[in-house]
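For the sequence shown, numbering that gives the first Met the number 0 begins at 0 and goes up steadily by one.
In what follows, a single structure is set out as structure tokens and then discussed.
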Amino acid sequence: MVGFKNPLPALQESNLFYNLLKIKNMLDYDPLLHPLELPIQKLLVQCVTDRPLFFPPRQGSTPGTSLAGAYGTALWLAVCSCLKTEAGSCNKSSREEPRCQAPNECFVPWLYKPYSTVHRRNFARPVLLRSAELENMEPLDAFTLEVTLWGRQAISALEAVKETIKKMGELGLSTEGMLVHFMVSQVQEGPILTLAEQLQVQPPATSILLEFQTPFLHQEKDKEGKRYFYTEGPLPIVNILGNIAYNLVAWDIEDRKVGEQIDGKMRHTLARDARDVAWASGKKLSMVRSHLSPVKMGERYSRGNQKMMSLQGFVGLVELSGDLASAWPWLLALALAGGGQKRAMGFGAVRMWLNSF
Numbered sequence: 000m001v002g003f004k005n006p007l008p009a010l011q012e013s014n015l016f017y018n019l020l021k022i023k024n025m026l027d028y029d030p031l032l033h034p035l036e037l038p039i040q041k042l043l044v045q046c047v048t049d050r051p052l053f054f055p056p057r058q059g060s061t062p063g064t065s066l067a068g069a070y071g072t073a074l075w076l077a078v079c080s081c082l083k084t085e086a087g088s089c090n091k092s093s094r095e096e097p098r099c100q101a102p103n104e105c106f107v108p109w110l111y112k113p114y115s116t117v118h119r120r121n122f123a124r125p126v127l128l129r130s131a132e133l134e135n136m137e138p139l140d141a142f143t144l145e146v147t148l149w150g151r152q153a154i155s156a157l158e159a160v161k162e163t164i165k166k167m168g169e170l171g172l173s174t175e176g177m178l179v180h181f182m183v184s185q186v187q188e189g190p191i192l193t194l195a196e197q198l199q200v201q202p203p204a205t206s207i208l209l210e211f212q213t214p215f216l217h218q219e220k221d222k223e224g225k226r227y228f229y230t231e232g233p234l235p236i237v238n239i240l241g242n243i244a245y246n247l248v249a250w251d252i253e254d255r256k257v258g259e260q261i262d263g264k265m266r267h268t269l270a271r272d273a274r275d276v277a278w279a280s281g282k283k284l285s286m287v288r289s290h291l292s293p294v295k296m297g298e299r300y301s302r303g304n305q306k307m308m309s310l311q312g313f314v315g316l317v318e319l320s321g322d323l324a325s326a327w328p329w330l331l332a333l334a335l336a337g338g339g340q341k342r343a344m345g346f347g348a349v350r351m352w353l354n355s356f
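Set out below in structure tokens:
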């Protein structure tokens, strides 16, 4: 960490002093080291249903979108601090996105769809829900809900998250025209580990296999507008890792609740610096083999954007070799929290397998 000492007291009354303080703040936050202090905790929630639960293939819907929608509804009802006040619940029954009326007193803004008023950008929901069993499309009487708490705010709100999952069970999951209720029978809490601590226990590997388990949507911009990668050409791993690095730094700064101590311009610069390093590390990776398939799953209405959005992307396997060590932080973040657009809805789930031979 680099410090700063002002040798000229007279600078305190000049614009130069303010600019130097801004530089100091930038130097105090290292975009290659401090994001690795981000803590992550995993929960395994055992659930028992009151009738067989089955999500049949349906356009515009997946088990992931169903869990995400149920979580959002239950969160407002279980945690909203306005429920017992004259203001009433912030989750109004309308086609518009709910708005928190007490953001400084409530966990909801951190657990629903965090937005940075400083960086002026949205973040993917830091509470990731997934049940691989529900994706097998077989009737189940019980299932395991895998919950990832991504960052300090989510972990500090652990009890609120538990209450939300309990409320999800009370409200039920909608499928085939009916509500299937479930009861939480057990919650297993994993250790709280930072990215740095998890990197330390990674064994050496000669190659890694990335398994894109749910549709991963990668978007890029060019002169003609937005462009999506499906399966044409090699996997754009360089840009994927760059996006992961940028979003990791941006979220870590927001998750630290530093406010305007690091302003929006600085945050963008720091996140971009990490992105550039991730780009360079991605260029040192080699594609050993690739087997990807495009997936399109129809459209669904977005209350946030107030328009229809497509559920699409790619799934499959990619094996990478080369200088894995320099890319480890971004690859690990990708495996732990997923990536791509629509991550909060259970899309972009990635599993990483290590080959040590």
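Even for Gly, the Cβ is constructed at its ideal location relative to N, Cα and C.
Taking 8 angstroms as the threshold (C-beta atoms), are residue j and residue i in contact?
i    : j    : result
M167 : Y70  : yes
D272 : G150 : no
S130 : L66  : yes
L319 : I207 : yes
V117 : V78  : no
F215 : V47  : no
T143 : G345 : no
G339 : H217 : yes
L139 : L52  : yes
L74  : T163 : yes
F122 : Y229 : no
K283 : G321 : yes
W327 : L178 : no
E331 : L247 : Looking at the sequence shown, residue 331 is not Glu but Leu. No, the pair does not count as a contact, with Cβ atoms beyond the cut-off.
T72  : L133 : no
Report all residues from its chain with a CB closer than 8 angstroms to the CB of residue i; omit the five preceding and five following residues, and keep chain order.
i    : result
D251 : H33, P34, E36, L37, G150
P56  : M136
A324 : none
R288 : L316, V317, E318
T64  : R299, L310, M344, G345
G258 : V117
A279 : S325
Where does residue i fall in DSSP's three states?
i    : result
V78  : helix
I39  : strand
L240 : helix
D29  : coil
P214 : strand
S301 : strand
Y114 : strand
L192 : strand
G224 : strand
Q201 : coil
Q45  : strand
K21  : Caution applies to K21, whose pLDDT of 47 falls short of 50 and renders its modelled position unreliable; the value that the coordinates give is listed next. K21: helix per DSSP, three-state reduction.
N121 : strand
G258 : helix
Q100 : coil
W231 : The sequence given here places Glu at residue 231; Trp does not occur at that position. In this structure, E231 counts as coil in the three-state DSSP scheme.
E158 : helix
E253 : helix
A348 : coil
Taking 7 angstroms as the limit between beta carbons, can you name the residues of its chain near residue i, skipping five residues before and five after?
i    : result
K21  : Any reading at K21 is ruled out, since the residue's pLDDT is 47, under 50, leaving its predicted position unreliable.
R350 : E210, Q212, A334
L353 : P202, A204, I207
I191 : P38, Q40, I154
G68  : none
N103 : none
H290 : G315, L316
Per DSSP, which one or two residues make a beta bridge with residue i?
i    : result
R50  : Answer is none; R50 lacks a bridge partner.
I207 : L319, L353
R57  : S60
Q340 : L216
For residue i, which residues in the same chain have their Cβ closer than 6 angstroms to its Cβ, ignoring the five residues on either side in sequence?
i    : result
A336 : W149
Q187 : L43
S115 : E253
Q152 : W109, D254
W329 : L240, I243, A244, A277
P342 : It is Arg, not Pro, that sits at residue 342 in the sequence shown. These residues qualify, in order along the chain: A123.
Does residue i get closer than 8 angstroms to chain D when you measure Cβ to Cβ?
i    : result
R120 : No chain D is present in this structure, which holds just one protein chain.
Handout entry: Whole runs of the beta strand (DSSP E) within the region 125-149, excluding any shorter than 3 residues
Key = Runs of the beta strand (DSSP E) spanning 3 or more residues and lying entirely within the region 125-149 occur at 126-129, 139-149, in chain order.
Exercise for the section: With a floor of 3 residues, list each beta strand (DSSP E) that falls wholly inside the region 165-190, ordered by position along the chain. Expected result: Listed in chain order, they are 172-174, 177-179, 181-188.
Practice task
Would you mind listing the beta strand (DSSP E) stretches within the region 277-322 that are 3+ residues and don't spill past its ends, in chain order?
Solution key: Those beta strand (DSSP E) runs which fall completely within the region 277-322 and span 3+ residues are 284-301, 306-321.
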